[in-house]
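Chains as they are written, first to last, in the working numbering: chain U, 1 to 135; chain W, 136 to 270.
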């Protein structure tokens, strides 16, 4: 598949919509069912400090556990580089997480990530998601 | 581009060759010029605990510094999932690093990674490389 400029602008808009859902719905409202619109059914996550996890149901368990345990408030994602490839897209991005663990002050964490995106049911979703911290 | 099974087998063999060079030449012999055959010219790495770095020259500086500072001995890479996409490949893998920092016993570190591969000058190389630790 050749991706034209017009295609790419449309894809980037859909990607931004998915990334925004992760912040507003998953982190902001703890609506973990929104992850159905963010990850493909057979997605893979590779979180730092934990084993890799595959499949959307297991991924929902991961985020639900992590967000509640550190009392996460927001995850603002920013695309740094978007590389269309075949039917997918490889994205390099950065994120700013805000957390407020019980008994601790609110703090922010700089994260960088790579996501391999695929289209599923008319939405652009995360098929492979790996991240780490800058410090 | 549609990747046939025969193509994919050939690509996987070339990928294994690149991954092996990283272990034997870069880690084993500290031949950092071998990184020319491993990373694309404008590659990106996203190392844990450090800012992202772009461009092969800067990447050579990163690996040269890290390998010497922790006295790294080997990095055995294993492909876990290989996903052809357009002209590239997205690989999920795991690595076992062996290090022996000055004054410390030899130890091993479990790493997982995602690499976005592209072909350059007839070789399959790492264009985007991100990793983190399981523990």
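Cβ coordinates follow ideal geometry from the N, Cα and C atoms, glycine included. Bear in mind the structure is a predicted one, so any value in this text is a computation, not a measurement.
Item                                                                                                                                                                          : Value
Helix, strand or coil: how does DSSP classify residue 165 of chain W here?                                                                                                    : coil
Is it buried or exposed for residue 236 of chain W, if we count other Cβ within 10 angstroms and need 16 for buried?                                                          : exposed
8 Å is my cut-off, CB to CB: does residue 201 of chain W come that close to chain U?                                                                                          : no
If you measure between the beta carbons of residue 98 of chain U and residue 125 of chain U, is that distance less than 8 Å?                                                  : no
List, in order along the chain, the chain W residues whose C-beta lies closer than 8 Å to that of residue 136 of chain U?                                                     : Since the first residue shown for chain U is 1 and the last is 135, residue 136 of chain U is missing from the structure and cannot be characterised.
Leaving out five residues on either side along the sequence, give the residues of the same chain with a beta carbon under 7 Å from the beta carbon of residue 157 of chain W. : 173, 210, 212
Can you have a look at residue 30 of chain U and say buried or exposed, based on whether 16 or more other CB atoms are within 10 angstroms of its CB?                         : exposed
How close, in whole Å, do the beta carbons of residue 202 of chain W and residue 264 of chain W come, if the pair is a contact with beta carbons under 8 Å?                   : That belief does not hold up - the Cβ atoms of residue 202 of chain W and residue 264 of chain W are roughly 15 Å apart, past 8 Å.
Give me whichever residues DSSP pairs with residue 157 of chain W in a beta bridge.                                                                                           : None; residue 157 of chain W has no bridge partner.
Kindly indicate the opening and closing residues of the beta strand (DSSP E) around residue 38 of chain U.                                                                    : Looking at the DSSP string, residue 38 of chain U is not in any beta strand (DSSP E), and its letter there is neither H nor E.
Going by the DSSP bridge assignment, what does residue 146 of chain W pair with across the sheet?                                                                             : In the DSSP output, where bridge partners are listed per residue, residue 146 of chain W has none listed.
Who are the near neighbours of residue 247 of chain W in its chain, counting only those whose CB is closer than 6 Å to its CB and skipping five residues on each side?        : 229
For residue 68 of chain U, name the three-state secondary structure that DSSP assigns.                                                                                        : helix
Answer with yes or no whether the minimum CB distance from residue 357 of chain W to chain U is below 8 Å.                                                                    : The structure shown does not extend to residue 357 of chain W, since chain W spans only 136 to 270, so no value can be given for it.
Three-state secondary structure (DSSP) at residue 239 of chain W?                                                                                                             : coil
Cα-Cα, which of U:79, U:69, U:108 is closest to residue 19 of chain U?                                                                                                        : U:79
Applying a beta-carbon distance threshold of less than 8 Å, which residues of chain W neighbour residue 135 of chain U?                                                       : 184
Rounded to a whole number of angstroms, what is the C-alpha to C-alpha distance between residue 15 of chain U and residue 224 of chain W?                                     : 20 Å
So the candidates are U:71, U:127, U:63; which of them puts its Cα closest to the Cα of residue 50 of chain U?                                                                : U:63
By Cβ distance below 7 Å, which residues in the same chain neighbour residue 55 of chain U in space, the five residues on each side in sequence not counted?                  : 42
If distances are taken between C-alpha atoms only, which option among W:231, W:175, W:217 comes closest to residue 142 of chain W?                                            : W:217
Taking the alpha-carbon positions, what's the residue 32 of chain U to residue 245 of chain W distance?                                                                       : 30 Å
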